[in-house]
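Here's the structure, in structure tokens; my notes come after.
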Amino acid sequence: MSSEQSNPTAGERTDTETRETAEEAGFTLPSLSVNRRGFMKAGAAAGALGSLAGCTSMLSSDGNGDDGTVEAAGADHTIPPRELDEYYGFLSGGHSGNIRVYGIPSMREIMQIPVFNRESARGYGFDDETREMLEDAGGYTWGDTHHPRLSQTDNDYDGRFAYVNDKANGRMARINLKYFETDAIVDIPNQQGTHGACARLPDTDLIFGVGEFRVPVPNDGRDLEDPDAYGSVIAAINPESMNVEWEVLVDGNMDNGDGGKEGRWFFATGYNSEGATNEEGMTRDDRDMVKAFDLPAIEEAVEAGEYEMINDVPVVDGRKDSPLNEGDDPIVYYIPTPKSPHGVSVTPDNKYAIASGKLDPTASVIEIDMIDEVDDPADAIVGRPQLGLGPLHTAYDGRGHAYTTLFIDSQVVKWDIEAAVEAEPGSESPVIEKIDVHYNPGHLIAAESYTADPAGDWLISLNKLSKDRFLPVGPMHPENDQLIYIGDDEEGMQLMKDSPAYAEPHDASICHRSKIEPASTYDPEDLELEPTAKGDESIERDGDRVTVEMYSERNQFGFEEIIVNEGDTVEMKVTNIETTSDILHSVAIPEYDINVKVAPQETRKVTFEADKPGVYWFYCGFFCSALHLEMRSRLIVRAAE
Ligand code: K7E
Ligand code: CUA
């Protein structure tokens, strides 16, 4: 390390605090008897830090990186030219409506995947197929992605799909990880504000969308002024067909959700059990509800016809006073939890669901196997460590530690899960250490934290505010996603990098690169449209409908000119016949507001009304060769008589 000052890793303040707390609690934290600098010197000489950290990255050779980042003992997040990142990170784009793909640990943004937004570079929302998909999904022009979750088989990532919610318009989308593109969106009936999103594990046989806003069900003009009659639903979506199979109506708002790893339980946090419509009312009570949904019991009720069909979806009544909740085996357990709990996540071993207090400085550790055994659901809460102010979300390293964001304290706290079960409620003793983050974190995510076997090396704190951490760019600031190394329990959490992000990532999933196999060109078999080979190009007229089939290659389109009449409907299909990876073309039609990307072996179609007579040089938008600028043809629209 070249200097202490330029090292923005965990502040001494928190180390000291942690040491005191830990010593009081009788914890032994050997490395903390040496300060960081001393440990670095001693440790680096020993040369054993790489294996100690259990990390495949190389030892850092010297101190600070030249990009203002910091290397820590045994961990190196810098990826030199020609080398690849170890993990894919899928970060939601929030109200930008997309998913961003990061390489981790470098934190470089590698790709964006448009989901609920229209996006011109990909032609997403421009070609017929994606435009129709967005129209069928409600025709909205934006969405609010929060929780990207990856499909799993046997509790491990299988590299097939990612799923993400639209908190704004109540939708769920699927992203095909062969092509890194959105291939299905469902507009969820009876649900406003699809917030939490996750899969039923171990094999991703259902996707859950958690309805946040309480509304009349159905929301068709009834009960407008009667909030007591409002409700919210969880929706269970078939991951293949993307149809909603059933819903469960509950009392109160719901917030985030996570599924157990053995398929039986689904958990949703919530607030506003008060049923209020303003802030004061929503935060009145000290307890709110975590709902534990007994999935087999719900499926039995659906089988038995115990539901009401609302907007073509079977809706099961899971409200407190529902007959299905009478007796010893309710379909929904209401677990009183302090206070307006926000994040919930199930531990890798499926033993606990941990809900963060948000307005209470504790997290509630719910022992999953106790839920249907105790008389009072509150007794399933077996631990309540005091973590700090504004606990929001929790991730895992697979070594028995939990990491929770503290929104108000602007910290990430690392704590011991079993110690929290042993300790008195409200005790701070399970806390191992805290690290300052900059500033006000929402989610955090650790590598493969949502699987049964987290990697335990990298963690990202997704901070809402960046304040002074980047060059000023006006009143709208970037977010700050901070990379933290967690692979060394002795050295503790180490802040490695600030990474600005455009508004606004919420949650993320991190998957080892070995588990995803993206295609580098399209397989025409995977596409609905027949490709057009060179020599098969055609222009056909049927009344005022003109069908164009053409190819594109370096440096031409299938036709030098396409002549149509004003008022014609033009269907233009184009195949990129290149077989070389990374040689993309597009069809950009000026003044017709069209840009359609075609990657190698991809076929897309765009349909438009030729309503403006004139000459339009349609051109290729990707810089595909030295003669790219010459890659253009004329669309000639003859004026009507
Ligand atoms: Cu906390 Cu939507 Cu997961 Cu944002 S939610 S932070
Ligand atoms: Cu094709 Cu530029």
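If you use my numbering, the sequence shown corresponds to residues 949 to 1589, in order.
We put the beta carbon where it would ideally sit given N, CA and C, even for glycine.
Cβ-based burial, residue i [other Cβ within 10 Å; buried from 16]
i: residue 1512; result: buried
i: residue 1422; result: exposed
i: residue 1532; result: buried
i: residue 1587; result: exposed
i: residue 1226; result: exposed
i: residue 1484; result: exposed
i: residue 1272; result: buried
i: residue 1306; result: buried
i: residue 1207; result: buried
i: residue 1117; result: buried
i: residue 1089; result: exposed
i: residue 1546; result: buried
i: residue 1040; result: buried
i: residue 1565; result: exposed
i: residue 1010; result: Low confidence applies to residue 1010: its pLDDT is 36, below 50, so where it sits in the model is not reliable, and the reading given next is rough at best. By the neighbour-count rule (16 or more Cβ atoms within 10 Å), residue 1010 is not buried but exposed.
i: residue 997; result: Summary for residue 997: the model assigns pLDDT 32, below 50, so the residue's position carries little reliability, and this model does not support an answer.
Endpoints, the alpha helix (DSSP H) within which residue i is located
i: residue 1079; result: 1076–1084
i: residue 1227; result: 1227–1230
DSSP beta-bridge partners of residue i
i: residue 1239; result: 1216 and 1282
i: residue 1114; result: 1093 and 1119
i: residue 1503; result: Partner(s): none; residue 1503 has no beta bridge.
i: residue 1105; result: 1100
i: residue 1048; result: 1039 and 1060
i: residue 1459; result: 1036
i: residue 1552; result: 1522
i: residue 1575; result: None; residue 1575 has no bridge partner.
i: residue 1533; result: 1546
i: residue 1169; result: Looking at the DSSP assignment, residue 1169 forms no beta bridge with any residue, so it has no partner.
i: residue 1562; result: 1585
Endpoints, the beta strand (DSSP E) within which residue i is located
i: residue 1202; result: 1201–1207
i: residue 1144; result: 1140–1147
i: residue 1587; result: No beta strand (DSSP E) holds residue 1587; DSSP gives it neither H nor E.
i: residue 1367; result: Not the beta strand (DSSP E): residue 1367 falls in the alpha helix (DSSP H), residues 1365–1370.
i: residue 1340; result: 1339–1344
i: residue 917; result: Nothing about residue 917 can be read from this structure; the chain reaches only from 949 to 1589.
i: residue 1389; result: 1389–1394
i: residue 1430; result: 1427–1433
i: residue 1490; result: 1486–1490
i: residue 1524; result: 1517–1524
i: residue 1318; result: Segment: none, residue 1318 is in no beta strand (DSSP E) and carries neither H nor E.
i: residue 1352; result: 1349–1354
i: residue 1071; result: No beta strand (DSSP E) contains residue 1071, which DSSP labels as neither H nor E.
i: residue 1295; result: No beta strand (DSSP E) holds residue 1295; DSSP gives it neither H nor E.
Assumed close pair residue i, residue j - CB separation to whole angstroms, cut-off 8 Å
i: residue 1239; j: residue 1192; result: Residue 1239 to residue 1192, Cβ: 19 Å. No contact.
i: residue 1358; j: residue 1389; result: 7 Å
i: residue 1161; j: residue 1049; result: That belief does not hold up - the Cβ atoms of residue 1161 and residue 1049 are roughly 30 Å apart, past 8 Å.
i: residue 1328; j: residue 1318; result: 4 Å
i: residue 1386; j: residue 1415; result: 7 Å
i: residue 1231; j: residue 1288; result: 6 Å
i: residue 1053; j: residue 1406; result: 5 Å
i: residue 1336; j: residue 1313; result: Their Cβ separation, rounded to whole angstroms, is 16 Å, which puts residue 1336 and residue 1313 out of contact at 8 Å.
Spatial distance of residue i from residue j (CA atoms)
i: residue 1464; j: residue 1108; result: 7 Å
i: residue 1156; j: residue 1122; result: 12 Å
i: residue 1574; j: residue 1026; result: 33 Å
i: residue 1143; j: residue 1556; result: 36 Å
i: residue 1297; j: residue 1209; result: 8 Å
i: residue 1061; j: residue 1093; result: 11 Å
i: residue 1553; j: residue 1461; result: 32 Å
i: residue 1453; j: residue 1487; result: 45 Å
i: residue 1091; j: residue 1249; result: 33 Å
i: residue 1139; j: residue 1085; result: 14 Å
i: residue 1572; j: residue 1076; result: 24 Å
i: residue 1467; j: residue 1551; result: 15 Å
i: residue 1036; j: residue 1459; result: 5 Å
i: residue 1427; j: residue 1490; result: 53 Å
i: residue 1290; j: residue 1257; result: 30 Å
i: residue 1378; j: residue 1188; result: 42 Å
i: residue 970; j: residue 1380; result: Because residue 970 carries a pLDDT of 36, less than 50, the predicted location of this residue cannot be relied on, and no value is offered for it.
i: residue 1000; j: residue 1347; result: The predicted model places residue 1000 with a pLDDT of 32, which falls under 50 and marks its position as unreliable, so this point remains unresolved.
i: residue 1203; j: residue 1110; result: 20 Å
i: residue 1165; j: residue 1173; result: 13 Å
i: residue 1211; j: residue 1105; result: 16 Å
i: residue 1299; j: residue 1361; result: 21 Å
i: residue 1079; j: residue 1476; result: 15 Å
Distance cut-off 7 Å: residue i Cβ against heavy atoms of the ligand NAP
i: residue 1507; result: Ligands displayed in this structure: the ligand K7E and the ligand CUA; the ligand NAP is not among them.
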